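As they're listed, the protein sequences go chains A and B. The numbering of the first sequence is the numbering used here, which starts it at 1 and goes up by one. The numbering of the second sequence is the numbering used here, which starts it at 384 and goes up by one. For glycine and all other residues, C-beta sits at the position ideal for the given N, C-alpha and C. Treat the numbers as computed from the prediction; the structure is a model and nothing was measured. Contents: one structure, followed by commentary.
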Amino acid sequence: MKSLCEKGAVTGIGETAYTKGSGKSTVALQMEAALAAIADAGLTPKDIDGIVPYSSGDGVAEDFITKFGIADLRFSATTPMGGASAIAGIQAAILAIEGGVARHVLIPFGRNGYSGGRIGARVQQLPQFRTIGEFEMPVGQIAPAQLYAQMARRHMMQYGTTSRQLAEIAVTFRQHALLNDNAIMKTPMTVEQHQESRMISDPLRLFDCCLESDGGAALVISGAGPAKDMKQRPIYIMGIAEGHPDQPSAITQRGDMTILGTAKAVPHAFGMAGVSHDDIDVAEIYDCFTYIVLCQLEDLGFCAKGEGGAFVENGGISLTGRLPVNTHGGLLSQAHIIGMNHILELVKQLRGDGGKAQVAGARIGLVTGYGDMGDGTVAIMRN
Amino acid sequence: MDNPFNDRLRPAPSHDSQPYWDGLKEHRLLLQTCADCGTVRHYPRPVCDQCYSMRVEWIEASGHATIHSWTISHHAFHPCFKKDLPLTLVTADLAEGVRLCAPLKDASPGSLRIGAPLRVGFETVDDDLTLPLLILADTP
């Protein structure tokens, strides 16, 4: 069977400042990030012949054709999986490249998640949440925080997971954000401060919830062959997969609500990459809520189901821990850039451009996306 | 002055789900069942995921349930729920094998545990809308 292992590479990355109040349109944020990524790749906008815009944003391929003067765009697609979309977009890009349809695929993203339409309000507008809209919102189950709280509560009751363990995740990512000049959160956080933060939907407190932010980020994906001769050291995609949970749009109806779609993607991604968990030097894990990090660490196989709490304790996911996670600060403390910032951070780490948060000698890394109540994506990359 | 944002969030029933909402108005919890293989499914949808039959029957649920998980919301994610805070929402395992998500009425947080027995009740909002609710079974 044909494999996508090392058929594609990240050849360019670009991002804007991450803020609460960009003062720019979401289209401008996407263009700014896209132009930076294309320049980083050593290309011009006219070299782009494939685009995977973010399905729930307001960027469309037509925007890029018009604004970049692309004469012959040969591939455009969307991958509507919320925070799992970007990695699913990379998979689509590699398929298009390997199939000979496109050479350089742009994956742009930009939104004003703070100053424009707030992220928390978006669920009601998406067709994949029809069932939540009809059956759960009228009884008061409206926001992702409430559903993820029920998942976390179930995990706590089944496995003894505690709120202080969730706090360790938030505190660790805050430490990492303090090393990052492009992070929104600038002050340290302690476990006690997490425990005193406002209860949102028990057991999730304010500091268990990600930020709502403004900003743009973009990637260029190219074939592994051409990537060798391009401007940057290519970051090869060794393994990539998407996984959808049973009952994807109704967490409440899911057989085991402590398992995410991520678990289905993991054997495909690791199998394609031909590496084991011990080979992973750094992991950037989608962190809309602290609990979702803990759950993914289990679903990814870094520890057994139920052992995520112990895994993150005592600095287990800090820069000096057994698995450094979210070296940029994540959605919890850098910015909510729909996980694009996680992909960019992994590329930086593998290029050796991780700055003060650089994991020494990082050679192979993993990044996840997660979204729309359970969809999970996993990519394993190497330098 | 009336503020439309304080209005209740209302469902938009589909052809598939209309009997569910009509049943609630009569204080009956109706569940969709495959007319060919008998599999119960919720939320309502047009096809059976076991045998792909599109023939539907509706059964009345017993009203017996247990707690699967819960959350207590302290933040009003919609203005119409401000008056209900803190709002205890429970995902319940119905005796029929599917789940129901509904508010739990009159329960102290200390009484919440997985497996606690529940019964289904009904809140008549107005002539057009009745919603399900849950009550701890040992509540008098």
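Short CB-CB distance (under 8 Å) between residue i and chain B
i: A:GLY140; result: yes
i: A:GLN150; result: yes
i: A:LEU131; result: Residue identity differs from the one stated: residue 131 of chain A is Thr in this sequence, not Leu. With 8 Å as the cut-off, A:THR131 counts as an interface residue toward chain B.
i: A:GLN146; result: yes
i: A:GLU98; result: no
i: A:ALA224; result: no
i: A:PHE135; result: yes
i: A:MET373; result: no
i: A:ALA143; result: yes
Backbone secondary structure at residue i - three-state DSSP
i: A:MET373; result: coil
i: A:GLU134; result: helix
i: B:GLU506; result: strand
i: B:MET384; result: Because B:MET384 sits at a pLDDT of 44, beneath the cut-off of 50, its placement in the model cannot be relied upon, and the following sentence gives the value as read from the coordinates. Looking at B:MET384 - three-state DSSP - the assignment turns out to be coil, as it is neither helix nor strand.
i: B:LEU514; result: strand
i: A:VAL105; result: strand
i: B:GLY480; result: coil
i: A:SER197; result: coil
i: B:PRO486; result: strand
i: A:ILE380; result: strand
i: A:GLU242; result: strand
i: A:ASP353; result: coil
i: A:TYR291; result: helix
i: A:GLN358; result: coil
i: A:PRO234; result: coil
i: A:ALA36; result: helix
i: A:ARG153; result: helix
i: A:GLU98; result: helix
i: A:PRO203; result: coil
Distance cut-off 7 Å: residue i Cβ against heavy atoms of the ligand NAD
i: A:GLY216; result: No copy of the ligand NAD appears in this structure; indeed no ligand is present at all.
Nearest-angstrom Cβ-Cβ length linking residue i and residue j, presumed shorter than 8 Å
i: A:LEU260; j: A:GLY376; result: 5 Å
i: A:ALA167; j: A:GLN195; result: 6 Å
i: A:ASP214; j: A:THR19; result: 5 Å
i: A:ILE70; j: A:GLY8; result: About 20 Å; that fails the 8 Å criterion.
i: A:TYR114; j: A:TYR291; result: About 23 Å separates the two Cβ atoms, so there is no contact after all.
i: A:ILE317; j: A:VAL325; result: 4 Å
8 Å Cβ cutoff met for residue i and residue j
i: A:THR368; j: A:TYR286; result: yes
i: A:LEU297; j: A:ALA170; result: no
i: A:ILE38; j: A:ILE48; result: yes
i: A:SER3; j: A:MET381; result: no
i: A:MET373; j: A:ILE251; result: yes
i: B:ASP476; j: B:HIS451; result: yes
i: B:THR449; j: A:GLN150; result: no
i: A:ARG103; j: A:GLY57; result: no
i: A:ALA218; j: A:GLY239; result: no
i: B:VAL481; j: B:LEU414; result: yes
i: B:VAL503; j: B:LEU412; result: yes
i: A:GLY329; j: A:ALA86; result: no
i: A:ALA241; j: A:ALA265; result: yes
i: B:PHE505; j: B:PRO492; result: no
i: A:ALA357; j: A:THR327; result: yes
Any C-beta of chain A under 8 Å from that of residue i
i: B:ARG393; result: yes
i: B:MET384; result: Per-residue confidence for B:MET384 stands at a pLDDT of 44, beneath the threshold of 50, marking its modelled position as unreliable; the derived number appears in the next sentence. Not closer than 8 Å to any Cβ of chain A, the Cβ of B:MET384 fails to qualify, so no.
i: B:ILE442; result: no
i: B:PRO486; result: yes
i: B:ARG482; result: yes
i: B:ILE518; result: no
i: B:LEU514; result: yes
i: B:SER456; result: yes
i: B:THR474; result: yes
i: B:SER452; result: yes
- Along the segment 192-204 of chain A, what residues have a CB closer than 7 Å to any CB found in chain B? MET199, ILE200, SER201 and ASP202
- Members of the segment 252-263 of chain A that neighbour chain B once the beta carbon cut-off is set at 9 Å: Result list: THR252, GLN253, ARG254 and MET257.
- Message: If the cut-off is 7 Å on Cβ atoms, which residues from the segment 415-446 of chain B count as contacting chain A, listed in chain order?
- Response: Listed by position, the residues of the segment 415-446 of chain B near chain A (Cβ gap below 7 Å) are HIS425 and TYR426.
- Just by C-beta distance, which residues in the segment 458-472 of chain B are closer than 7 Å to chain A? HIS458, PHE460, HIS461, PHE464, ASP467, LEU470 and LEU472
- Listed in chain order, which residues of the segment 400-416 of chain B have Cβ atoms closer than 7 Å to some Cβ of chain A? SER400
- Determine which residues of the segment 148-177 of chain A have a Cβ less than 8 Å from any Cβ of chain B, and write them out in chain order. So the close ones are ALA149, GLN150, MET151, ARG153, ARG154, MET157 and GLN158.
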